[in-house]
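Trainee: Could you have a look at this structure, given as structure tokens, before my questions?
In this note's numbering, the protein residues as written are 592 to 999.
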């Protein structure tokens, strides 16, 4: 079985096959994200509010509650990443220091979400370009130290399982944004072409994932022991000149605070979709407190890499099936909603996915020695976790099949 402890070598894959798994998983998931984005220009509605047409008012509350969990979860992830970057600036990775920085980053994120809208506009306009420039310079300085041809550490029948895990991790990362797809595309003109609305999210997601994925795969090749013990950010601190490493870490901290603004925005939208009337400061404070609690667990109780991977896996248990039903409804059956059938297809797709979850990998932080009910199946697949693909396929087959046979 492959556990999250292998994340520094991406489940034992090498550089180029790891990049291939990253690319394929990203493109596959980004294509669905791009298609979902088309609901925005045509309806002018945020994604979760649009799904009232598909799952019904009360049925949409289920997706809204899960999306609220996603927003809070991403707030926690962003806080931990920012805190880890801040810890590198301070020259240490002590959990207590990291936790203190988590609290500080969360507090600043909440304040920015309430009072700092103009700050976010500046970061969106100039921050991404500046960060890309700093990242490119850092990459150039570290490139001579990379071992470009490092091969995989798994072989034989275990190799396909490792590759699928690499594919599905990136698929899950992008899939976790499915419920947010039209939150921003809704501002595009209604006349926007389907091809453009679909293509640009694919490009916008894939290009940075490829570059950052390559960077992440390369960093452990410099110092695998340090990367496994302290994380890849520690490799940058140890092997990059300070004049470029320091701005990099500063941008990481600022970028995660920027990302938290979007998490708070989504949390507010979802709360409204559930009929909970909240003001911006209430959404920011609630998201901040719950996100900080999750971040504290990831830093003080669990291993962050394990907690992060668990978060992604829990996401793609339901999001791909949900997306399959939404896409079929939007592109084929929009004028003839059947909420009960839509909910049933989504539920059955999610239930089917539970058979294919690599629980050994999901709960690796609880220790070895457990045999889950599907152990034989996962062992036969050599550790591959196909739950996300299975959930989408089953949900689509049920929804499309019944609607074709019984239109009403």
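We put the beta carbon where it would ideally sit given N, CA and C, even for glycine.
Just so it is clear, the structure is predicted and the values come from calculations on it, not from any experiment.
If you run the structure through DSSP and keep just helix, strand and coil, what is residue 657?
Mentor: For this step, residue 657 is matched to residue 66 along the chain shown. DSSP places residue 657 in helix when its eight states are reduced to three.
Trainee: Can you tell me whether residue 713 is buried or exposed? The criterion is at least 16 other CB atoms within 10 Å of its CB, across all chains shown.
Mentor: For the purposes of this step, residue 713 is identified with residue 122 of the chain shown, where counting begins at 1. It counts as exposed.
Trainee: What's the gap between the Cα of residue 616 and the Cα of residue 643?
Mentor: Along the chain shown, one-based indexing puts residue 616 at 25. Along the chain shown, one-based indexing puts residue 643 at 52. Going by the C-alpha atoms only, they are around 29 Å apart.
Trainee: Considering only C-alpha positions, which residue in the set 983, 982, 606 and 832 is nearest to residue 741?
Mentor: To locate residue 741, count along the chain shown from 1; it is residue 150. Measuring from the Cα of residue 741, the nearest candidate turns out to be 606.
Trainee: Under three-state DSSP, which class holds residue 925?
Mentor: Counted from its first residue, the chain shown places residue 925 at position 334. It is coil, neither helix nor strand.
Trainee: For the stretch 637-651 and the stretch 820-828, state whether three or more C-beta atom pairs, one from each stretch, are separated by less than 8 Å.
Mentor: Flag = no, the stretch 637-651 and the stretch 820-828 do not touch.
Trainee: Could you check the C-alpha separation between residue 611 and residue 814 for me, to the nearest Å?
Mentor: The residue labelled residue 611 in the question sits at position 20 within the chain shown. The residue labelled residue 814 in the question sits at position 223 within the chain shown. For residue 611 and residue 814, the distance between alpha carbons rounds to 22 Å.
Trainee: Over what stretch of residues does the alpha helix (DSSP H) that includes residue 821 continue unbroken?
Mentor: As a first step, residue 821 must be located in the chain shown, where it is residue number 230. Per DSSP, the unbroken alpha helix (DSSP H) holding residue 821 starts and ends at 815-821.
Trainee: Which one of 749, 673 and 917 has the shortest CA to CA distance from residue 987?
Mentor: In the chain shown, counting from the first residue as 1, residue 987 sits at position 396. Ranking the options by Cα distance to residue 987, first place goes to 917.
Trainee: Between the stretch 936-947 and the stretch 658-669, are three or more C-beta pairs nearer than 8 Å?
Mentor: no
Trainee: So residue 655 packs on residue 841, CB below 8 Å; how close in whole Å?
Mentor: Within the chain shown, numbered from 1, the residue matching residue 655 stands at position 64. Within the chain shown, numbered from 1, the residue matching residue 841 stands at position 250. At roughly 35 Å, the Cβ-Cβ gap does not stay under 8 Å, so residue 655 and residue 841 are not in contact.
Trainee: Are the stretch 781-797 and the stretch 626-641 touching, with three or more C-beta to C-beta distances below 8 Å?
Mentor: yes
Trainee: Using DSSP with H/G/I as helix, E/B as strand and the rest coil, what is residue 851?
Mentor: Position 260 of the chain shown holds residue 851. Helix, per DSSP.
Trainee: Give the DSSP-derived three-state secondary structure of residue 602 in the structure shown.
Mentor: Numbered from its first residue, the chain shown carries residue 602 at position 11. The answer is coil: DSSP assigns residue 602 none of H, G, I, E or B.
Trainee: When you compare the stretch 688-706 with the stretch 671-680, are there three or more beta-carbon pairs, one atom per stretch, that lie closer than 8 Å?
Mentor: yes
Trainee: On a Cα-Cα basis, can you pick out the residue from 973, 682 and 627 that is closest to residue 821?
Mentor: Position 230 of the chain shown, counted from the start, is the residue given in the question as residue 821. The shortest C-alpha separation from residue 821 is found at 682.
Trainee: What does the alpha-carbon distance come out to for the pair residue 787 and residue 726?
Mentor: Taking the first residue of the chain shown as position 1, residue 787 is located at position 196. Taking the first residue of the chain shown as position 1, residue 726 is located at position 135. If I take the Cα positions, the gap works out to 28 Å.
Trainee: Report the three-state DSSP secondary structure of residue 738 (helix, strand or coil).
Mentor: As a position in the chain shown, residue 738 is number 147, starting the count at 1. Here residue 738 sits in coil by DSSP.
Trainee: Starting from residue 756, follow the alpha helix (DSSP H) in both directions and report where the run begins and ends.
Mentor: In the chain shown, residue 756 corresponds to position 165, counting from 1. Judged by DSSP secondary structure, residue 756 falls within the alpha helix (DSSP H) whose first and last residues are 749-766.
Trainee: Pull up the distance between the alpha-carbon of residue 877 and that of residue 967, whole angstroms please.
Mentor: For this step, residue 877 is matched to residue 286 along the chain shown. For this step, residue 967 is matched to residue 376 along the chain shown. Approximately 42 Å between the Cα atoms of the pair.
Trainee: Can you list, in chain order, the residues of its chain with a C-beta nearer than 6 Å to that of residue 933? Leave out the 5 residues immediately preceding and following it.
Mentor: Position 342 of the chain shown holds residue 933. Closer than 6 Å at the Cβ level, and outside the excluded window around residue 933, lie 645, 646 and 916.
Trainee: What did DSSP end up calling residue 909 once you bin it into helix, strand or coil?
Mentor: Sequence index remark: in the chain shown, residue 909 carries index 318 (1-based). In the displayed model, residue 909 falls within coil according to three-state DSSP, outside both helix and strand.
Trainee: At which residues does the alpha helix (DSSP H) containing residue 966 begin and terminate?
Mentor: Along the chain shown, read from residue 1 onward, the residue named residue 966 stands at position 375. Note, residue 966: alpha helix (DSSP H), 966-971.
Trainee: On a Cα-Cα basis, can you pick out the residue from 638, 653 and 666 that is closest to residue 884?
Mentor: Translated into the one-based positions of the chain shown, residue 884 becomes position 293. The option with the nearest alpha carbon to residue 884 is 666.
Trainee: Are the stretch 858-872 and the stretch 743-763 touching by the rule of at least three beta carbon pairs closer than 8 Å?
Mentor: They do not touch, by the three-pair rule.
Trainee: Kindly list the residues whose CB is nearer than 7 Å to the CB of residue 593, restricted to its own chain and excluding five residues on each side of it in sequence; keep chain order.
Mentor: Your numbering for residue 593 matches position 2 in the chain shown. Low per-residue confidence applies at residue 593: pLDDT is 30, beneath 50, and the placement is therefore not dependable, though the value from the model is reported in the following sentence. Setting aside the 5 residues that flank it on each side, residue 593 is surrounded in the same chain by 602, 603, 752, 753, 756, 952 and 974, each with a C-beta closer than 7 Å to its C-beta; the list follows chain order.
Trainee: Which runs of the alpha helix (DSSP H) at least 4 residues long sit entirely within the stretch 768-808? Give them in chain order.
Mentor: 773-776
Trainee: Write down the C-beta distance between residue 638 and residue 771 rounded to the nearest angstrom, noting that I regard them as a contact closer than 8 Å.
Mentor: Residue numbering aside, residue 638 sits at position 47 when the chain shown is read from its first letter. Residue numbering aside, residue 771 sits at position 180 when the chain shown is read from its first letter. At roughly 6 Å, the Cβ-Cβ gap stays under 8 Å, so residue 638 and residue 771 are in contact.
Trainee: Give the secondary structure of residue 952 by DSSP, where H, G and I count as helix, E and B as strand, and everything else as coil.
Mentor: To locate residue 952, count along the chain shown from 1; it is residue 361. Residue state, collapsed to three classes: helix.
Trainee: As a quick exercise: from 775, 843, 766 and 808, pick the residue whose alpha carbon is nearest that of residue 743.
Mentor: Mapped onto the chain shown, residue 743 falls at position 152. Taking only the C-alpha atoms, the option nearest residue 743 is 808.
Trainee: Less than 8 Å between the CB atoms is what I'm expecting for residue 624 and residue 778, so what's the real figure, rounded?
Mentor: As a first step, residue 624 must be located in the chain shown, where it is residue number 33. As a first step, residue 778 must be located in the chain shown, where it is residue number 187. Rounded, the Cβ-Cβ distance is 17 Å, inconsistent with contact.
Trainee: So what does DSSP say about residue 642, is it helix, strand or coil?
Mentor: In the chain shown, residue 642 corresponds to position 51, counting from 1. Of the three classes helix, strand and coil, the one that applies to residue 642 here is coil, per DSSP.
Trainee: Use the C-beta contact count for residue 733: other C-beta atoms within 10 angstroms, 16 or more gives buried, fewer gives exposed.
Mentor: As a position in the chain shown, residue 733 is number 142, starting the count at 1. Buried.
Trainee: Label residue 882 either buried or exposed according to how many other C-beta atoms from any shown protein chain fall within 10 Å of its C-beta, with 16 as the threshold for buried.
Mentor: If you number the chain shown from 1, residue 882 lands on position 291. The residue is buried, with at least 16 neighbouring Cβ atoms inside 10 Å.
Trainee: I need the DSSP call for residue 974, collapsed to helix, strand or coil.
Mentor: Translated into positions along the chain shown, residue 974 becomes position 383. Secondary structure at residue 974: coil, using DSSP grouped into helix, strand and coil.
Trainee: Thinking residue 621 and residue 796 are a contact (beta carbons under 8 Å), I'd like their distance in whole angstroms, please.
Mentor: Translated into positions along the chain shown, residue 621 becomes position 30. Translated into positions along the chain shown, residue 796 becomes position 205. Confirmed, Cβ separation roughly 4 Å.
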